[in-house]
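Numbering (our numbering), first residue to last: 11 to 266. All C-beta atoms in this analysis are idealised placements derived from N, C-alpha and C, irrespective of residue type, glycine included. Down below is the structure, laid out as structure tokens.
As structure tokens, this is what we get:
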């Protein structure tokens with residue numbers, strides 16, 4: 011899928027996880043920071059799937075006026091705490107508020123941005139146990155297809171030069187590397203460490219294949235780890251965003 015915002019906005023801002031706090035997101039964007047003419051990309055763990063579908067319509071209807079007045083748009087990338095169907099099926103597809111399928115390209119402000127969602131929930135065994143009483147036919151608490159997927163075919167189908175990537179998790183060369191908390195969860199989940207390593211390797215394959223195909227990668231943004239970090243590695247600038255942290259990826263590059 012290809013989404014073109016070049017004629018709609020003047021800047022692109024990336025945000026870390028929001029965990030369903032949609033109203034705070036819009037308040038920060040439109041009121042607290044008084045941002046206008048902007049595309050905001052949420053780098054996963056948006057919170058789609060924990061409530062019934064009508065809830066998300068109500069949320070959008072409440073916030074749509076602020077978005078329109080400020081001429082702002084929000085694009086949501088899939089996290090592990092999201093129902094993948096909301097993204098693959100584009101269940102949220104309003105003019106100013108939409109879920110983005112994996113391997114979609116967003117074109118805005120001179121960037122071609124590849125979006126790939128997914129990660130492993132380190133608390134997945136706990137979440138599975140909660141499904142029996144939390145889940146209904148319309149809501150969930152854990153989704154078994156949460157991990158990112160490498161697709162050479164999807165990359166082969168890209169027809170524009172990708173300079174920027176927004177994902178939920180990150181390649182293995184990036185932080186976070188500390189496994190202290192992860193090991194605690196792994197005591198009750200014997201394959202967790204291997205699956206998390208595979209998750210990061212999936213993004214390594216994306217990185218390597220894009221470079222192999224000649225894409226001019228310059229920037230990579232992600233959330234998931236609930237911390238802030240940035241570094242330039244082999245000519246690519248990587249930035250991890252904390253919960254509800256905003257970062258402007260347009261030329262003057264600034265945090266809010």
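### Classification of residue 243 by the beta-carbon crowding that lies within 10 angstroms, buried from 16 upward
Along the chain shown, read from residue 1 onward, the residue named residue 243 stands at position 233. The residue is exposed, with fewer than 16 neighbouring Cβ atoms inside 10 Å.
### Query
What are the boundary residues of the alpha helix (DSSP H) that includes residue 121?
Reading the chain shown from its first residue, position 111 is the one you call residue 121. For residue 121, no alpha helix (DSSP H) encloses it; the enclosing beta strand (DSSP E) starts and ends at 121-126.
#### Entry: Between the CA atoms of residue 101 and residue 93 - distance to the nearest angstrom
As a first step, residue 93 is located in the chain shown; it is residue number 83 there, counting from the start. As a first step, residue 101 is located in the chain shown; it is residue number 91 there, counting from the start. Their backbone Cα atoms lie some 10 Å apart in a straight line.
### Query
How many Å lie between residue 73 and residue 175 at the Cα?
On the chain shown, residue 73 is found 63 positions in, with the first residue counted as 1. On the chain shown, residue 175 is found 165 positions in, with the first residue counted as 1. For the pair residue 73 and residue 175, the Cα-to-Cα distance works out to about 27 Å.
### Task
Determine the closest residue to residue 163 out of 59, 216 and 195, with distance taken between C-alpha atoms.
One-based indexing of the chain shown puts residue 163 at position 153. Ranking 59, 216 and 195 by Cα distance to residue 163 puts 216 first.
### Message
If I measure Cβ to Cβ from residue 77 and keep anything under 6 Å in the same chain, skipping five residues before and after, which residues do I get?
### Response
Here residue 77 refers to the residue found at position 67 of the chain shown. Sequence-distant partners of residue 77 (beyond 5 residues in either direction) whose C-beta falls short of 6 Å from its own C-beta, in its chain, are 106.
### Task
Measure the alpha-carbon distance for residue 218 versus residue 166 and round it to whole angstroms.
Translated into the one-based positions of the chain shown, residue 218 becomes position 208. Translated into the one-based positions of the chain shown, residue 166 becomes position 156. Using only the alpha carbons, I get a separation of about 13 Å.
### Query
For residue 239, which residues from the same chain have a beta carbon less than 7 Å from its beta carbon, with the 5 sequence-adjacent residues on both sides left out?
For this step, residue 239 is matched to residue 229 along the chain shown. Residues 185 and 250 of the same chain have their beta carbon placed closer than 7 Å to that of residue 239, with the five preceding and five following residues left out of the count.
### Query
Measuring CA to CA, which of 81, 66 and 116 is closest to residue 96?
Residue mapping note: residue 96 aligns to position 86 of the chain shown, counting from 1. Proximity to residue 96 across 81, 66 and 116 peaks at 66, based on C-alpha coordinates.
### Query
What three-state label does DSSP hand residue 237 in the structure shown?
Here residue 237 refers to the residue found at position 227 of the chain shown. Three-state result, residue 237: coil.
### Task
Go through the segment 58-105 residue by residue and report every complete run of the beta strand (DSSP E) that reaches 3 residues or more, in order.
Complete beta strand (DSSP E) runs here, min 3: 82-86.
### Message
Bridge partners for residue 118 per DSSP, in chain order?
### Response
Reading the chain shown from its first residue, position 108 is the one you call residue 118. Residue pairing of residue 118 in beta bridges, as defined by DSSP: 121.
### Task
Select from 247, 228 and 233 the residue whose C-alpha is nearest the C-alpha of residue 122.
Sequence index remark: in the chain shown, residue 122 carries index 112 (1-based). Of the candidates 247, 228 and 233, the one whose C-alpha sits nearest the C-alpha of residue 122 is 228.
### Query
Using 9 Å as the limit for Cβ to Cβ distance, is residue 32 near chain D?
The structure shown has no chain D; it contains just one protein chain.
### Query
By a C-beta neighbour count over all protein chains shown, 10 Å radius and 16 as the cutoff for buried, is residue 84 buried or exposed?
In the chain shown, residue 84 corresponds to position 74, counting from 1. By the neighbour-count rule (16 or more Cβ atoms within 10 Å), residue 84 is buried.
### Message
Are the CB atoms of residue 158 and residue 213 within a distance shorter than 9 Å?
### Response
As a first step, residue 213 is located in the chain shown; it is residue number 203 there, counting from the start. As a first step, residue 158 is located in the chain shown; it is residue number 148 there, counting from the start. For the 9 Å CB-CB criterion, residue 213 and residue 158 form a contact.
#### Entry: DSSP bridge partner residues for residue 242 (one or two, in chain order)
In the chain shown, counting from the first residue as 1, residue 242 sits at position 232. BP columns for residue 242 point to 247.
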